[in-house]
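K.L.:
Numbering of the sequence shown is given in my numbering, commencing with residue -3 and proceeding in unit increments. The structure follows.
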Amino acid sequence: MNTVISTVGLRKTYGRVHALDGLDLSVSAGQVHGFLGPNGAGKSTTIRILLGLARASAGTVRLLEGDPWRDAVALHRRIAYVPGDVNVWPNLSGGEAVDLLVRLRGGDLRSASYRAERERLFSAFQFDPRTRGRAYSKGNRQKISLIAAFALPAELYILDEPSSGLDPLMEMVFQQEVARVHASGATVLLSSHILSEVEQLCDQVSIIRAGRVVESGTLAELRHLTRTEVSFEDDGTIPAGVQDITREGGRVRFTVDPTDMSATLATLANADVQGLRVNPPSLEELFLRHYGEGVATRRGSAA
């Protein structure tokens, strides 16, 4: 099985609203595939269809060589899912909630390997399993879902904003766990707004806009989306190879490809420029660059 997720011409409508409008997505076995896009682009709708929680209006979708709508029960034994907003049972302890989620996937709670893995993850995520669900913060509720997902091996991990609510230390633990399951041969579909997370983990990236995939490839292939912005007091210095040059308010701004950054900074150091600012791109900025025309059109229409 070379393709774990495949959608062709996938459409989903809610009345007159086209949540998905011909989405083509392919995720190969063993990949960590980033699934990116701003809110409302159709990511969550796609994930709901992949999980068998919603039925496609048109197009085809295959998941682990099965139909996620007709074969949902069998497929969920092979899938681990982490949502971005986790709700837990208020009267169950964290450990009981983890066990229940694992049982729903067919896990054997008496297995020595499961119990050892669960304890390892409790320690790694600094999680107290004795606290009742009603007392957990958002970050701790997120840990319940993550521990349940990683404690039982899966062929496919579908992670929808999985590190939401985690502090930077726990974000590092999460990245280590994704790297671990990836090394074991599992496939990961990762929806995230954290660029560093995507850069650290993903082999392939697909960017969705208005229900369609508009960019797909490795981050190296999509290098034009990850340029860094550089600005300084305008003294006429423009290094070679920079992009998107603008001048405003006595400052010059441009963007630089990652491979050209060292040479650009060396040129600016030799020129002794003043007021230098270097801003690595956030995903929000990348989306604005990619969606800029549409954003400008909407703002103009609103005005």
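Ideal Cβ placement from N, Cα and C applies to all residues, glycine included.
Between which two residues does the beta strand (DSSP E) carrying Tyr77 extend?
P.N.:
For the purposes of this step, residue 77 is identified with residue 81 of the sequence shown, where counting begins at 1. Per DSSP, Tyr77 belongs to the beta strand (DSSP E) from 75 to 78.
K.L.:
Which residue's Cα is closest to the Cα of Ser192: Phe170, Ser212, Ser180, Gly213?
P.N.:
In the sequence shown, counting from the first residue as 1, residue 192 sits at position 196. Selected option, being the one with the closest Cα: Phe170.
K.L.:
Within the continuous alpha helix (DSSP H) that includes Thr263, where are the two ends?
P.N.:
Translated into positions along the sequence shown, residue 263 becomes position 267. First-last of the alpha helix (DSSP H) with Thr263: 257 to 267.
K.L.:
Residues in the same chain with beta-carbon distance under 8 Å from Ala308, minus the five sequence neighbours each way, listed in chain order, please.
P.N.:
Because the chain spans -3 through 299 in this model, residue 308 falls outside it and cannot be assessed.
K.L.:
CA-CA distance, Asp240 and Val252?
P.N.:
Along the sequence shown, read from residue 1 onward, the residue named residue 240 stands at position 244. Along the sequence shown, read from residue 1 onward, the residue named residue 252 stands at position 256. Near 9 Å, if we compare the C-alpha coordinates of Val252 and Asp240.
K.L.:
Quick check on the burial criterion: 16 or more other C-beta atoms within 10 angstroms. Buried or exposed for Gln270?
P.N.:
Taking the first residue of the sequence shown as position 1, residue 270 is located at position 274. It counts as exposed.
K.L.:
Tell me which same chain residues have a C-beta within less than 6 Å of the C-beta of Gly80, skipping the five on either side of it?
P.N.:
For the purposes of this step, residue 80 is taken as residue 84 along the sequence shown, with counting starting at 1. Hits under 6 Å: Asp156, Glu157, Ser160.
K.L.:
Use the C-beta contact count for Val69: other C-beta atoms within 10 angstroms, 16 or more gives buried, fewer gives exposed.
P.N.:
If you number the sequence shown from 1, residue 69 lands on position 73. Flag for Val69 reads exposed.
K.L.:
Start and end of the beta strand (DSSP E) containing Ala316?
P.N.:
Nothing about residue 316 can be reported from this structure: the residues present for the chain run from -3 to 299 only.
K.L.:
Specify the secondary structure class of Thr293 as computed by DSSP and reduced to three states.
P.N.:
Along the sequence shown, one-based indexing puts residue 293 at 297. Residue placement at Thr293 is poorly supported in this model, since its pLDDT is 39, which falls under 50; the coordinates still yield a value, given next. Helix.
K.L.:
Under the rule that 16 or more other beta-carbon atoms within 10 Å means buried, what is Gly296, buried or exposed?
P.N.:
Looking up residue 296 in the sequence shown gives position 300. With a pLDDT of 41 at Gly296, under the threshold of 50, the modelled position of that residue is not reliable, and the figure given next carries that caveat. When all chains shown are included, Gly296 counts as exposed.
K.L.:
Exposed or buried, which one is Thr260 when buried takes at least 16 other CB atoms within 10 Å?
P.N.:
As a position in the sequence shown, residue 260 is number 264, starting the count at 1. It counts as buried.
K.L.:
When the Cα atoms are used, what is the spatial distance from Leu218 to Pro276?
P.N.:
Within the sequence shown, numbered from 1, the residue matching residue 218 stands at position 222. Within the sequence shown, numbered from 1, the residue matching residue 276 stands at position 280. If I take the Cα positions, the gap works out to 15 Å.
K.L.:
Alpha carbon to alpha carbon, how far is Val57 from Asp63?
P.N.:
Along the sequence shown, read from residue 1 onward, the residue named residue 57 stands at position 61. Along the sequence shown, read from residue 1 onward, the residue named residue 63 stands at position 67. The straight-line gap from Cα to Cα measures roughly 7 Å.
K.L.:
Strictly under 8 Å for the Cβ-Cβ distance: is Val248 near chain D by that measure?
P.N.:
Of the chains in the structure shown, none is chain D; there is only one protein chain.
K.L.:
Roughly how many angstroms lie between the CA atoms of Asp20 and Pro34, to the nearest whole one?
P.N.:
The sequence position of residue 20 within the sequence shown is 24, counting from 1. The sequence position of residue 34 within the sequence shown is 38, counting from 1. Their Cα atoms are separated by approximately 18 Å.
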